[in-house]
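In my numbering, the protein residues as written are 71 to 193.
Glycine residues also receive a C-beta, built at the ideal position from the N, C-alpha and C atoms.
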């Protein structure tokens, strides 16, 4: 029971991390220090997507599920949980590149606006 709860906690943490990677830059509008946490997280998310590798949190969740007597899954977190919701087909390298590009573009826009706002305040 405890291992299953731990696997579920990793799952929730993984989802929150993905949301932070994609949208965390928006928090830096309000709290500048968030950028110190967000930029490395966004870089990690970008690298995982562009390289086609599987996030270590997926391995951890699977290990905990197997230890709890549940079946793990062979694909990545995105393929297993998010892809069926967002995309009707399997995750492909092209889709991973698209996701990586979306992370990069979203955060480039957000941080460009933050830098622009900061420059206006210093004038």
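DSSP places residue 117 in the uninterrupted alpha helix (DSSP H) bounded by 104–121. By the CB criterion at 7 Å, residue 119 and residue 166 fall inside the cutoff. Per the Cβ contact rule, the region 121–136 is not in contact with the region 98–108 (fewer than 3 Cβ pairs under 8 Å). Taken through DSSP and simplified to helix, strand or coil, residue 133 comes out as helix.
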